[in-house]
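Visitor: Those sequence lines, one after another, are chains U and P.
The opening residue of the first sequence carries number 1 in full-length UniProt numbering; numbering runs sequentially from there.
The opening residue of the second sequence carries number 1 in full-length UniProt numbering; numbering runs sequentially from there.
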Amino acid sequence: MLQTSNYSLVLALQFVLLLYDLFVNAFSELLRLAPVVQLVLFIIQDIAILFNVIIIFLMFFNTFVFQAGLVSLLFRKFKGTIILTAIYLSLSIPLHVWVLNLRWKSSKQFIWTDGLQTLFVFQRLAAVLYCYFYKRTAIRLGDPRFYQDSLWLREEFTQVRS
Amino acid sequence: MGKKQVRPPRALPPVPSTQQDDIPLNRPKKKKPKAKNALGGASLEGIVQDTGHQPSDGSEPLTHEPLEHADAPVQKKRKKKRLPVESETSFTQKSTPNPSPLLYENGTDLEQAEETVTRKPRKRTKRSQPTGLQYANELGVEEEDIIADEQNHPGQQPSIFTAPIGVSQPVGKVFVEKSRRFQAADRSELIKTTENIEMLLDIKPSWTTRDVALSVHRSFRTIGLFSHGFLAGYAVWNVVVIYVLAGKQLSDLSNFLQQYKTLAYPTQSLLYLLLAVSTISAFDRIDFAKTSVAVRSFLALDPTALSSFLYFAALTLSLSQQMTSDRIHLYTPASVNGSLWAAGTEEEILHPWIVVNLVVALLVGLSWLFLSYRPEMDLSEELMFSSDVHEYPNVDKQTISPS
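1) Can a CB atom of chain U be found closer than 8 Å to the CB of proline 333 of chain P?
2) If you measure between the beta carbons of glutamate 347 of chain P and leucine 253 of chain P, is that distance less than 8 Å?
3) Looking only at C-alpha atoms, which of U:Tyr7, U:Ser90, U:Ser28, U:Trp104 sits nearest to isoleucine 56 of chain U?
4) Compute the distance between the beta-carbons of alanine 246 of chain P and phenylalanine 256 of chain P, then report whether it is under 8 Å.
5) Kindly list the residues whose CB is nearer than 7 Å to the CB of phenylalanine 66 of chain U, restricted to its own chain and excluding five residues on each side of it in sequence; keep chain order.
6) Answer with yes or no whether the minimum CB distance from threonine 279 of chain P to chain U is below 8 Å.
7) Give a yes or no on whether the C-beta atoms belonging to threonine 209 of chain P and leucine 2 of chain U are separated by under 8 Å.
8) With a threshold of 8 Å between beta-carbons, can aspartate 326 of chain P be considered close to chain U, or not?
9) Reducing DSSP to helix, strand and coil, say where valine 336 of chain P ends up.
10) Give every residue of the same chain whose Cβ lies closer than 7 Å to the Cβ of leucine 350 of chain P, excluding the five residues on either side of it in the sequence, and list them in chain order.
11) Using 8 Å as the cut-off, can you tell me whether the segment 125-137 of chain U makes contact with the segment 276-285 of chain P, which would need three or more C-beta pairs spanning the two stretches below that distance?
12) Using a beta-carbon distance below 8 Å, is proline 310 of chain P in contact with chain U?
13) In the DSSP assignment, the alpha helix (DSSP H) including phenylalanine 283 of chain P goes from what residue to what residue?
14) Determine the DSSP secondary structure at arginine 181 of chain P, reduced to helix, strand or coil.
15) Is there a C-beta anywhere in chain U that falls below 8 Å from the one on leucine 315 of chain P?
16) Identify whether tyrosine 378 of chain P lies in helix, strand or coil by the three-state DSSP scheme.
17) Do alanine 314 of chain P and valine 244 of chain P have their CB atoms nearer than 8 Å?
18) Could you check how far apart the C-beta atoms of leucine 11 of chain U and glycine 115 of chain U are, in whole angstroms? I think they sit under 8 Å.
19) Within 8 Å, do at least three Cβ pairs link the segment 270-281 of chain P to the segment 332-339 of chain P?
20) Check whether the Cβ of aspartate 21 of chain U lies closer than 8 Å to any Cβ atom in chain P.
21) Could you tell me whether the segment 177-189 of chain P touches the segment 107-127 of chain U, using the rule of 3 or more Cβ pairs below 8 Å?
22) Leaving out the 5 sequence neighbours to the left and right, which residues in its chain are closer than 7 Å to phenylalanine 230 of chain P when beta-carbon positions are compared?
23) By the 10 Å Cβ neighbour count, where 16 or more other Cβ atoms means buried, how is serine 150 of chain U classified, buried or exposed?
24) Is threonine 158 of chain U buried or exposed, if buried means 16 or more other CB atoms sit within 10 Å of its CB?
25) Establish whether the CB of valine 121 of chain U and some CB of chain P are separated by less than 8 Å.
26) Should the segment 353-373 of chain P be regarded as contacting the segment 288-300 of chain P, the criterion being three or more beta carbon pairs within less than 8 Å?
27) If you follow the alpha helix (DSSP H) that proline 144 of chain U is in, where does it begin and where does it stop?
28) Between the Cα of isoleucine 111 of chain U and the Cα atoms of P:Gly365, P:Gly344, P:Asp326, P:Trp368, which residue gives the shortest distance?
29) Between the C-alpha atoms of phenylalanine 228 of chain P and glycine 69 of chain U, what's the straight-line distance to the nearest angstrom?
30) From lysine 317 of chain P to leucine 358 of chain P, what does the alpha carbon distance come to, in whole angstroms?
31) Just list the residues that DSSP pairs lysine 173 of chain P with in beta bridges.
32) 8 Å is my cut-off, CB to CB: does tryptophan 104 of chain U come that close to chain P?
33) Checking 8 Å against the spacing of the C-beta atoms, do alanine 48 of chain U and leucine 17 of chain U come in under that value?
34) To the nearest angstrom, how far is it from the Cα of leucine 340 of chain P to the Cα of glutamine 249 of chain P?
35) With DSSP as the reference, label threonine 345 of chain P as helix, strand or coil.
36) Who are the near neighbours of valine 174 of chain P in its chain, counting only those whose CB is closer than 8 Å to its CB and skipping five residues on each side?
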C-alpha cells in the first residue's frame, strides 16, 4: 500500500518539475540574455521531462494493478499521458536544438521562420496538454484502488478479458 | 558426562526373580546405587550386571549388614545389595522401615506384586528410570519429585530431547523494557496504554493518499479559478494598453512600438502562463481526458466545455503571434541599419497582431463568464474520485480465478 507521506513527497516532486517546465516554456524567450542561459534552462527542462516519465512509470510499477500483471489495463487508462509525454519530449528536444542553434552566436538575433513558428506552437500546445494529462495521472495514482484488490479492479479485469 | 549419560541402561537393577516381595517399594533404592555404580564402575562389568541376575557387588563394603535379616540366605543377598545404598544415600534411609512389613506378607500378595513388577520394571527401569534417577542423584533432586513425575507419565517414555512442558502462569505484572531496564508494569495499565496507541494509529491513517490527491486537485482548482479571472482582466488590460498606445484609428504605431517593445515579451510570457493554467483548469472541469464525456458536454453546449474550447483557441492564437511579438521586442526604427521594420510595414504587421490580441481578450473574457456561470462544476473530481460505491468489502473471502 502506498504511504501517504511517500505519495505526498512524490506528488510534490512531480509538481515542482511540472512547474519548472511551465516556467521555462513561458519565460525562456524572455531569459535569453546569453545563449548559455537558455542552454542550461533547456537541458534542465528536458531532464525534468525525463524525470517525470521515470517517476510516473515507477508509480505505475508500484500499483497493485501492475503487480497483478494488468499492464494493458494501466496502459489503457493512462495511454493519453504516455503518448503525450512522448510527443512532447520529441517536440521539445528538436525545438530546443533548433532555437539554440540559431541563437548560439547572437541571442538578439531574429530567428523566426514559418517552420520554427509551427514547431513552437505545437510544442507549446503539447506542453499544456502534457501538463494536464500528467497532473491528472499523478493525482489519479493517489487513488487507493490502484494499490489494493477491489471490485472496480475485478470489473476492469473482466472487461479486459472479454 | 556425555558418556556417562549413555550408560544408565547398564546400571539397571537386576530382575528380582527370587525376591519378589519388596521390589515395588525398594525399587528406587536399588536403582540409585546401581546407577551410581554404573557411572562409577567399568562399562563391561555393568553390561554383565545387567544381563546377569544378581550383581556380585564384591567391592562394596558389607560391614554394615544387619543381623536381624539373616533369616534366609536369599534375603541376605538382597540386603547385601540394599545396605550399601542406605549407607551412601540419605533419603533411602527413610524408606527402610517399609520393606519390613512387605517382607512378612503372605504369598498371595507377593505373587500379585510379582506379576506386575517382574515385567514392567524391566522396561521402565531399563529405559525411563535410570535416565531420570541418575540425573536426579547427580543433581540432588528429591526422591518424591522423581516418583511423582514417574506416576504422572506412566506410559510415556521420557526423552532427553523433549523440552519440559509447563503450564504458563498468568502474572498480574508485565515487565516492560524502559530505558534499557525491565520495569514491572501493571497489565491492566499496559492494556490501556496500548489501546490509546491503537486509537492514535487509527486516527492517523484517516489522511490517505486519496485525500492528498483530492486536496491537491482542489488547490489547483482554486488556483485555476484565480487564473481565469486574472487572465480575463489581464487580456482586457493588454488590449486597452495597445489601443491607447496606438492612438486614434491606429495612427501612431511608431510611438506604440517604441513604448510597447519592452512590454511585448513579458506580456506574451505572462499571457502564455495564464492561458496554460486556465486551459488546464478548464480541462479539469470537464475531465477532458475522458473524450466521450468531453465531446458530449461540448455538443450539449455546456458552458464549461465551451470555455475549455475557447481557452484552447485563445492559447493557439496567442502562440501564433510569437513571431510578431519577437519582432516587436526587437524593434528598432527603420532608419537604423539592420532594422527588422521596414518603413511602412508597421501597420501591415501590427494590424493582425492587434486583432488577434483583441480576439484573445474576447475569448478569455467569454470563457471566464462561462466558467463563472457554474463555478462549482468539476467533472474530474466526480469521475476520478467517485469510487466509494465500488469499494470491495471482503477481499480475502472472494478470489478471482486466474484463468
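Here a beta-carbon is modelled for each residue, glycine too, at the ideal position from N, C-alpha and C.
Guide: Straight from the coordinates:
1) Interface criterion not met: the Cβ of proline 333 of chain P is under 8 Å from no Cβ in chain U.
2) It is a contact, given that the beta carbons lie within the stated cut-off.
3) Closest in alpha carbon position to isoleucine 56 of chain U, among U:Tyr7, U:Ser90, U:Ser28, U:Trp104, is U:Tyr7.
4) In this structure, phenylalanine 256 of chain P lies closer than 8 Å to alanine 246 of chain P by Cβ.
5) Only Phe60, Leu74 meet the Cβ criterion.
6) Contact with chain U is found for threonine 279 of chain P, since one of that chain's Cβ atoms lies less than 8 Å from the residue's Cβ.
7) Inclusion of threonine 209 of chain P and leucine 2 of chain U in the CB contact set at 8 Å is warranted, their separation being smaller than that value.
8) Taking Cβ atoms only, chain U reaches closer than 8 Å to aspartate 326 of chain P, which makes this a yes.
9) DSSP places valine 336 of chain P in coil when its eight states are reduced to three.
10) Within the same chain, and ignoring the five residues on either side of leucine 350 of chain P in sequence, the residues whose Cβ sits closer than 7 Å to its Cβ are Leu253.
11) Counting Cβ pairs under 8 Å, three or more are found: they touch.
12) Before going on, a small fix: residue 310 of chain P reads as leucine here, not proline. Output row for leucine 310 of chain P: interface = no.
13) Boundaries of the alpha helix (DSSP H) harbouring phenylalanine 283 of chain P: 253-286, taken from the DSSP string.
14) If DSSP states are grouped into helix, strand and coil, arginine 181 of chain P belongs with the strands.
15) A Cβ of chain U is located within less than 8 Å of the beta carbon of leucine 315 of chain P.
16) Note that residue 378 of chain P is aspartate in the sequence shown here, rather than tyrosine. Aspartate 378 of chain P: coil per DSSP, three-state reduction.
17) Result no, Cβ atoms of alanine 314 of chain P and valine 244 of chain P do not sit closer than 8 Å.
18) Not a contact, Cβ separation roughly 38 Å.
19) Touching, no, given that fewer than three Cβ pairs across the two stretches are closer than 8 Å.
20) Closer than 8 Å: no.
21) Touching, no, given that fewer than three Cβ pairs across the two stretches are closer than 8 Å.
22) Excluding sequence neighbours, phenylalanine 230 of chain P sits near Leu274.
23) Serine 150 of chain U should be labelled buried.
24) Label assigned to threonine 158 of chain U: exposed.
25) Cβ-Cβ to chain P under 8 Å: yes for valine 121 of chain U.
26) Output reads no: the segment 288-300 of chain P does not touch the segment 353-373 of chain P.
27) Run containing proline 144 of chain U: none; DSSP gives neither H nor E here.
28) For isoleucine 111 of chain U, the closest alpha carbon among the candidates P:Gly365, P:Gly344, P:Asp326, P:Trp368 is that of P:Asp326.
29) The displayed chain sequence assigns histidine, not phenylalanine, to residue 228 of chain P. Answer to the nearest angstrom: the Cα atoms are 42 Å apart.
30) The sequence shown places leucine at residue 317 of chain P, rather than the lysine named in the question. The straight-line gap from Cα to Cα measures roughly 11 Å.
31) DSSP output for lysine 173 of chain P lists P:Asp186 as bridge partner(s).
32) For tryptophan 104 of chain U, the closest Cβ of chain P is not nearer than 8 Å.
33) A distance below 8 Å separates the beta carbons of alanine 48 of chain U and leucine 17 of chain U.
34) Taken atom to atom, the span from the alpha-carbon of leucine 340 of chain P to that of glutamine 249 of chain P is near 24 Å.
35) Of the three classes helix, strand and coil, the one that applies to threonine 345 of chain P here is coil, per DSSP.
36) Once the five neighbours on either side are set aside, the close Cβ partners of valine 174 of chain P are Ala184, Ala185, Asp186, Arg187, Leu190.
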